[in-house]
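S.K.:
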Amino acid sequence: MVFISLWQQSHLVFGDDEEKSLSLFSMGQSSMTSPFSLGTNLVLCLLVRSSVASCPAVCLCTSDTLSCGAQGLTRLPLLLPPTTSTLDLSFNRLGWLGPSSFSNLPRLDTLRLANNQLTTLGHGVFHNASSLRHLDLSSNRLRVVEQHYLQGLWRLEELLLYNNRISRVESGMLSGLSSLRKAYFSLNQITEFPFFSIQDHSHPFLIMLDLSSNRLSALPWEDVKALPGSVQKGLYLHNNSLVCDCSMYSVFWHWEQRGFDTVRDFTDEHTCLIYGEARASVSFLRHSRYFQNCTVGKAVSLPMMVSASNVVVNEGERVRLDCQTSLRAKELSYVWVSPSQEYLTQAGFNDTLVSVFPNGTLEIPSARVNDTGVYVCTALDLKHAQNATREVNVTVVRALPDSFSTGYTTLVGCVVTLVLILMYLYLTPCRCGCCKQPQPETSPVTAYDPGTLASIFSPTLGHRDSIKVSSNKHVVFIEPVLVDQNGALRAALATDQATLQWEWDTSGLT
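The UniProt record's numbering puts the first residue of the sequence shown at 1, with every later residue one more than the last.
(1) So which of K225, S130, D268, W336 has the shortest CA-CA distance to D322?
(2) Quick one, are the C-beta atoms of V282 and Y290 less than 8 Å apart?
(3) Does the distance from the CB of H270 to the CB of H238 come in under 8 Å?
(4) On a Cα-Cα basis, can you pick out the residue from R390, G72, L180 that is closest to S326?
(5) Can you tell me which residues form a DSSP beta bridge with H134?
(6) Could you give the distance in angstroms between the alpha-carbon of Y236 and the alpha-carbon of R215?
(7) Looking at the unbroken beta strand (DSSP E) that takes in V337, where does it start and where does it end?
(8) What does the Cβ neighbour count give for P228, buried or exposed, with the cut at 16 atoms within 10 Å?
(9) From Q232, S197, C244, pick the residue whose C-alpha is nearest to that of A217; which is it?
(10) Tell me the DSSP secondary structure of Q257 in three-state form.
(11) Strictly by DSSP, which residues pair up with G373?
(12) Grab the span of the alpha helix (DSSP H) containing V224 for me, first residue to last.
(13) So, for K330: in the same chain, excluding its five sequence neighbours on each side, which residues have a beta-carbon less than 7 Å away from its beta-carbon?
(14) Could you check the C-alpha separation between V356 and H203 for me, to the nearest Å?
(15) Does the distance from the C-beta atom of G172 to that of Q147 stay below 8 Å?
(16) Tell me which residue opens and which closes the alpha helix (DSSP H) that V231 is part of.
(17) Would you decide whether H254 is buried or exposed? Buried here means 16 or more other CB atoms lie within 10 Å of its CB.
(18) In whole angstroms, give me the CA-to-CA distance for V125 and W96.
(19) Would a C-beta distance cut-off of 8 Å place L150 and L113 closer than the cut-off?
(20) From the beta carbon of C244, is the nearest beta carbon of chain C less than 8 Å away?
(21) Using the C-alpha atoms, what's the distance from P365 back to residue 514?
(22) Indicate whether the contact test is met: 3 or more Cβ pairs, each with one atom in the region 159-176 and one in the region 340-349, closer than 8 Å.
(23) In three-state DSSP terms, what is S283?
(24) With DSSP run on the structure shown, which of helix, strand or coil describes V169?
(25) Given this structure, state the Cα-to-Cα distance separating S100 from V144, to the nearest angstrom.
(26) Counting C-beta neighbours from all protein chains within 10 Å, is the total for residue 575 16 or more, i.e. buried, or is it exposed?
(27) So, with DSSP's three-state summary, where would you put T84?
(28) Thinking C-alpha only, which one of L94, C55, G98 is nearest L79?
(29) Let me confirm a value: D261 is counted as buried when at least 16 other C-beta atoms fall within 10 Å, else exposed. Which label applies?
(30) For the candidate residues S138, T84, F195, T395, whose alpha-carbon lies nearest to that of T120?
(31) So what's V354 in DSSP terms, helix, strand or just coil?
(32) Go ahead and label residue 590 buried or exposed: buried means 16 or more other beta carbons lie within 10 angstroms of its beta carbon, across all protein chains shown.
(33) Can you tell me where the beta strand (DSSP E) with V312 in it begins and where it stops?
(34) Tell me, to the nearest whole angstrom, how far the beta carbon of D109 is from that of L76; I am working on the premise that it is less than 8 Å.
(35) Compare the C-alpha of T65 against each of A183, T84, N370 and name the closest.
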């Protein structure tokens, strides 16, 4: 049969895609064995081949772009050119996408499916479409984002799922999206989100996660605080039904102190419900007095993901430098050169704490002033013998010491003054009984008085006692007295000594 032969030949030459195109022809049975059958087969094969590379009638085509929007399509057009890199199917009536819907488009980079009626996606819908980097599924009727929806899209960088009817996101939905940078889930009905599935090693490039305008009420704040710093900086949570509590307020307070645009740009839209009452809504960033009893503590240093060529960080902060270049190969190797001309690789050994991840990201866990300088990353594609470089200028600012408050200084001064006063009053010297009292000084006899000698012979006893008391020395003899007369010194008379000896004897008898 002519058409059976044609089908077999076309199947061998073009595969299953051309099998679909042959369904456009009438496949009626015929027993004709015309000598022109070979020529007919050749003509039909040429027609099929030309139809594969042609532009569908409902689309506008350029070299690598197909625009099939607003055509009322209920199913995908057949025979799309395999050179397509951008496909626009928005504003149609597509309700379902089956398995391998885009397997014939290996170069597909951007797919727009916004404003359709999609309710579900088949298993393996993006099979053989791993080159896809931008996927727009916004404004559809999706209710659940299942784990298999985005399977195999490891190059996907931007995902738009806003304005659907999504109420649940399965925990493994984001697994495998290692190149994801931006994900939009706003304007849905999401009540839970798997924050724990986002880690440094699994999503190193994620810088935006939009969950605003949903129905989130009680979030796992410990999982939120454990997110990479780049994700926290780009996490949008305004216009939700959050319940007011200290854990929630502490997270947003820290983000506001760090100057995150996600908080500052939507200050009035960050509201919470007091005791969960819908009528008791308060803008907690404007009216912080409701949380005056909450302990917010000191802001935690968060890692920072940067893509700019210049970055300024404070001393002690953790910083990450990505190595995104123009190379798009799957297997790339990365080499960093530090300002001190030290080579840093994933497998290399160095005496620092700097780490290099498999995707080329360089991490400095605690930046120091000595880390300031230009870091150069080189991405190598050994298979195609290509390389590309990226330079990042890092400036580390020395941290300022914490200053004492005026009130604390005044209090310390008062305490010190009080202690000194008490020491002065109760710890004065020589108030104890063990202190040694000073001995009175003995007044020397400066002149010889003859009346003194005469008084010795006086019979009055009281006069003799006065002499003893005045001397104040308990000795058996009196030292000789030196008298200074006319500049000369002389000793007392010997008779005086005899008289004194008699006086001592008389006193003894008495």
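Backbone N, C-alpha and C fix where the C-beta goes; we use that ideal spot for every residue, glycine too.
M.R.: A quick look at the data gives this:
(1) Nearest C-alpha to D322: W336.
(2) yes
(3) yes
(4) R390
(5) T110, E158
(6) 13 Å
(7) 333-337
(8) buried
(9) Residue 217 is actually Ser in this sequence, not Ala. Ranking Q232, S197, C244 by Cα distance to S217 puts C244 first.
(10) Q257 falls in the helix class under three-state DSSP.
(11) V394
(12) 221-225
(13) none
(14) Approximately 15 Å, taken between the alpha carbons.
(15) For G172 and Q147, yes; Cβs fall inside 8 Å.
(16) 229-233
(17) buried
(18) 10 Å
(19) Contact: no.
(20) Considering every chain present, this structure includes no chain C. It has just one protein chain.
(21) Missing from the structure shown is residue 514; the chain here goes from 1 to 510 and no further.
(22) no
(23) strand
(24) strand
(25) 20 Å
(26) There is no way to answer for residue 575, as the model of the chain reaches only from 1 to 510.
(27) coil
(28) C55
(29) exposed
(30) S138
(31) Three-state result, V354: coil.
(32) Within the shown structure, residues of the chain are numbered from 1 to 510, placing residue 590 beyond reach of any answer.
(33) 310-314
(34) That pair is no contact at about 17 Å.
(35) T84
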